[in-house]
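Residue numbers (my numbering): 105 to 559.
Idealized CB from N, CA, C, for every residue including glycine.
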Amino acid sequence: MWTESKMPKSHADVQDLPPGYRMTELGPLPKEWRVVRLGEVTRHQKNTINPQAYPDELFEYYSIPAYQISGEPVLERGGKIHSQKVIVKRGMILFGKLNPRVPKIWHVESGSSRRKIASTEFISLAPLESITSKFLLYLSWSSHVLPKSQELVSGSTPSRQRIDVRAFLNIFVPLPPLPEQRAIAHVLRTVQEAKEATERVIAAARELKKSLMRHLFTYGPVPLDATNNVPLRETEIGPVPAHWQVVRLGDVAEKPQYGYTASATPEPVGPKFLRITDIQNDKVYWPTVPYCSIEEASLERYQLEKGDILFARIGATTGKTYLVDECPLSVFASYLIRVRTKTNYLLSEHLYFFTHTVQYWQQINAAKGGRLKQGINIPILMSLLLPLPPLDEQREIARILQTVDRKIEAEEARKEALDGLFKSLLHHLMTAKLRLPPEFVASFDVPHACEGETS
């Protein structure tokens, strides 16, 4: 769909410029591209609205929390205003000027018929005729604008620093012809939409998993239309199939073990040293896990093995668990507790999935008593109540939930790949290191309906 141009090795290698390129303030760019200041192609909207003038009118309000490159803005639909706000219109770009190290950029699209307003902490940019609003959006996220804006700040408190608006409007940006702007924005939006679709699939799969867990830990691995045929009995942790047991973890697991106390180091002085902070979203990225020194006699005692379950025992993540699968030579840190199940009674996978249920978290939160520092300990884990189906049902429950997990992991990998593709395309298209085919660009010669509607 696109072709990569041979670029010079440095700005000084003017003689190496590919055909049709020239040297500019921003480096090599196509001859038909202009270099302009941001303020030359946009109108900085300064009109504000006073709440006293509209005491009963309802507004569509774009508020200040950070936005990602995709997703929905935080809107207060139907809200009344209590302080001065900026009036915004469809096609404008809202660029957060407060604490720019946390990007806040939004494209105002069509919404309700209500008047649209935004916090005065936004710089509101209305595109002029020479630039399209969608191209301006992606340009704002590019290396031409975002990192430079983060340098144009004033104020002594980092979290309250603001962009100097006048300096911001003086940032130099590339300006391709309108058809190429539309083509670039279309390609980037296509990738963005694919990422958003993947995010919706992930969200749906996670909701499916929640529903499946409620079903499986209440009725067992039976079809949804067969639940009326499952005799239930009430227990301390809620209804379970009548043929299941409810046991304490200490009855079906070896005695839990506190982790090893040592200092972490990036140097490979011994085994990997797994800490609570290394466990993110039920996963561990082993290449970033540090190391520790440990004597050979202690290594055998603390070495992690497949099937181990680690419980965070203190702090905001108390109760979080991690099921060890394949791992390098590693030991676990002192703020973790290891549990090994007696596999002739309890499968580690069954226990792990139970630690994601409401029944589990009710017990953990009760043990913490609402105090982060209280945490949990070995006696608390030993007394933990859990449902114990026959082993064949444990295996089937684990198989069903693992299938959903694999789907989620595959979609998350796809989302990560799309995110990487988007960032790569954003950089290469905005710097003209990658050019879209002329025939593709020519198909965008006609403007889209309501393009840049800000007047």
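- Comparing C-alpha distances from L538 to each of V190, A521, K150 and V291 shows the shortest one belongs to V291.
- For V326, no alpha helix (DSSP H) segment is defined, and its DSSP state is neither H nor E.
- If you ignore the 5 residues before and after V351, its C-beta comes within less than 6 Å of the C-beta of L492, all in its own chain and listed in chain order.
- Classified as buried, R442 has 16 or more neighbouring CB atoms from the shown chains inside 10 Å of its CB.
- For V393, there is no enclosing beta strand (DSSP E), as DSSP marks it with neither H nor E.
- Under the DSSP definition of a beta bridge, Q384 partners with K387.
- In terms of Cα proximity to Q384, the closest of W348, T421, R405 and D268 is T421.
- Between the stretch 499–509 and the stretch 279–286 there are fewer than three C-beta pairs closer than 8 Å, too few to call the two in contact.
- For P325, same chain residues with a beta-carbon under 8 Å away, outside a window of 5 residues either side, are E497, E500, I501 and I504 in chain order.
- In the displayed model, Q188 falls within coil according to three-state DSSP, outside both helix and strand.
- Remark: fewer than three beta-carbon pairs, one from each stretch, lie closer than 8 Å, so the stretch 479–493 and the stretch 523–541 are not flagged as touching.
- For F226, the closest of F458, Y395 and V206 by C-alpha to C-alpha distance is V206.
- In the three-state DSSP reduction, Q361 falls in the strand class (E or B).
- About 5 Å separates the beta carbon of V373 from that of Y395, a gap short enough to meet the 8 Å contact definition.
- In the three-state DSSP reduction, R205 falls in the coil class, being neither helix nor strand.
- Rounded to whole angstroms, the separation of the alpha carbons of H460 and L312 is 14 Å.
- Shown here, W137 sits in coil according to DSSP, grouped into three states, outside any helix or strand.
- In the DSSP assignment, the residues bridged to A230 are R147.
- In this structure, the straight-line span from the alpha carbon of R310 to that of A514 is close to 13 Å.
- The stretch 231–247 makes no contact with the stretch 258–275, as fewer than three CB pairs between them are under 8 Å.
- Setting aside the 5 residues that flank it on each side, F436 is surrounded in the same chain by G363, Y364, L378, Y406, L408, L414 and R442, each with a C-beta closer than 7 Å to its C-beta; the list follows chain order.
- Taking the Cα of T507 as reference, the smallest distance to any Cα among L316, K519, E430 and S246 is reached at L316.
- By the neighbour-count criterion, in which 16 or more other beta carbons inside 10 Å mark a residue as buried, A401 falls on the exposed side.
- The Cβ neighbour count for N151, taken over all protein chains shown within 10 Å, is under 16; the residue is labelled exposed.
- Linking P343 to N333 through their CA atoms gives a straight-line distance of about 14 Å.
- For A222, the uninterrupted beta strand (DSSP E) run begins and ends at R219 to A222, by DSSP.
- A residue is called buried when at least 16 other Cβ atoms come within 10 angstroms of its Cβ; R141 does not meet this threshold and is exposed.
- In the structure shown, the three-state DSSP call for V428 is coil.
- In the structure shown, H347 falls within a coil segment according to DSSP collapsed to helix, strand and coil.
- Just so you know, the alpha carbons of Y464 and E303 end up roughly 28 Å apart.
- With respect to the 7 Å criterion, A230 and R147 are classified as neighbours on the basis of their beta carbons.
- Ranking R510, S452, P327 and L133 by CA distance to the CA of K410 puts S452 first.
- Looking at the DSSP output, S452 bridges to nothing.
- DSSP lists no bridge partner for P372.
- Here A346 is exposed: its Cβ has fewer than 16 other Cβ atoms, across all protein chains shown, within 10 Å.
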